[in-house]
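In what follows, a structure is listed as structure tokens, so that the remarks can point back to it.
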Amino acid sequence: AQSVAQPEDQVNVAEGNPLTVKCTYSVSGNPYLFWYVQYPNRGLQFLLKYITGDNLVKGSYGFEAEFNKSQTSFHLKKPSALVSDSALYFCAVSPMNRDDKIIFGKGTRLHILP
Amino acid sequence: DSGVTQTPKHLITATGQRVTLRCSPRSGDLSVYWYQQSLDQGLQFLIQYYNGEERAKGNILERFSAQQFPDLHSELNLSSLELGDSALYFCASSVGSSEQYFGPGTRLTVT
């Protein structure tokens, strides 16, 4: 069965330090993978996606994610965290070309400490 | 601004009542998704429409229904409301299997 896991409910990082938000998935065939961010009282915003090609995907606000097929992971990273990065982050996965099968992780709350 | 609009922004109603939430997708997007977000349940997928037809169904209660109209806007109808239906309801739209664009949400409070 298809699934996506974000193993950490919350991640705390000091401003200026690198950050990682973890995501692992299980899907039949090749996956489409997405990261979204949600700021308080706002809808989710698309950050980046992996469809095919280079395993390192760059997205908005300096974020990037690395697709690792052998570890079925798609961790979100940023080299230097900003306080304004504090938000709720969602990983999502779907089988290739199956927009009717997308599922979201439960979210990871990222706190950047000044 | 994602280009997806939702009305109303806030809705307060009593138990047992019925409400309708409205969503207009981004121009050109044929797919519309509805989600419910509550503190204890996270983001729950409710239902997806594609070009007027139901395409996928998630954890949508029988008291809830939705439709997508010829102009591609969508409505989510919630009836016999219970206190536990209080949540944020999001609509999102997309082109095919690409990323989704979310509206600002409707905050429903059932008293």
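Here the protein sequences come in this chain order: A and B.
Numbering-wise (my numbering), the first sequence opens with residue 1 and increments by one.
Numbering-wise (my numbering), the second sequence opens with residue 1001 and increments by one.
Where a beta carbon is used, it is the ideal one built from N, C-alpha and C, also for glycine.
Check, Outcome
"Contacts around Gly-62(A), its chain only, beta-carbon distance under 6 angstroms, and the 5 residues preceding and following it disregarded", "Lys-78"
"The region 1045–1064 of chain B touching the region 1073–1088 of chain B, judged by at least three CB pairs closer than 8 angstroms", "yes"
"Enclosing beta strand (DSSP E) for Asn-12(A) [first to last residue]", "10–14"
"Residues bridged to Arg-109(A) (per DSSP)", "Gln-10(A), Leu-88(A)"
"Contact residues within the region 1094–1105 of chain B, judged by C-beta distance below 8 angstroms to chain A", "Ser-1094, Gly-1096, Ser-1097, Ser-1098, Glu-1099, Gln-1100, Tyr-1101, Phe-1102, Gly-1103, Pro-1104, Gly-1105"
"Pair within 7 angstroms by beta-carbon distance, Leu-1043(B) and Gln-1037(B)", "yes"
"Within chain A, partners of Arg-1055(B) - CB distance below 9 angstroms", "Asp-99, Asp-100"
"Cα-Cα separation, Lys-101(A) to Gly-16(A)", "37 angstroms"
"Val-83(A) - DSSP class collapsed to helix/strand/coil", "helix"
"Entirely enclosed beta strand (DSSP E) segments - the region 25–78 of chain A, minimum 3 residues", "31–38, 44–50, 56–58, 64–68, 73–78"
"Rounded straight-line distance, which links the Cα of Leu-1108(B) to that of Ile-1012(B)", "6 angstroms"
"CA-to-CA distance, Ile-103(A) to Gln-2(A), given in whole angstroms", "8 angstroms"
"Residues that Thr-20(A) bridges to, as DSSP identifies them", "Lys-77(A)"
"Under 7 angstroms (Cβ pairs) to chain B, residues found in the region 76–97 of chain A", "Phe-90, Ser-94, Asn-97"
"Three-pair Cβ contact test at 8 angstroms for the region 1049–1068 of chain B versus the region 12–31 of chain A", "no"
"Residue interval of the beta strand (DSSP E) (run including Ile-1047(B))", "1042–1050"
"Unbroken beta strand (DSSP E) run spanning Phe-1069(B), endpoints", "No beta strand (DSSP E) contains Phe-1069(B), which DSSP labels as neither H nor E."
"Contact belief for Pro-31(A) with Val-93(A) at Cβ below 8 angstroms, rounded distance in angstroms", "5 angstroms"
"Proximal residues to Leu-1083(B) (C-beta, below 7 angstroms), its chain only, five neighbours per side dropped", "Thr-1015, Val-1110"
"Short CB-CB distance (under 7 angstroms) between Gln-1048(B) and chain A", "yes"
"Those residues which DSSP pairs with Pro-95(A) across a bridge", "Pro-31(A)"
"Residue range of the beta strand (DSSP E) that includes Ile-1012(B)", "1010–1013"
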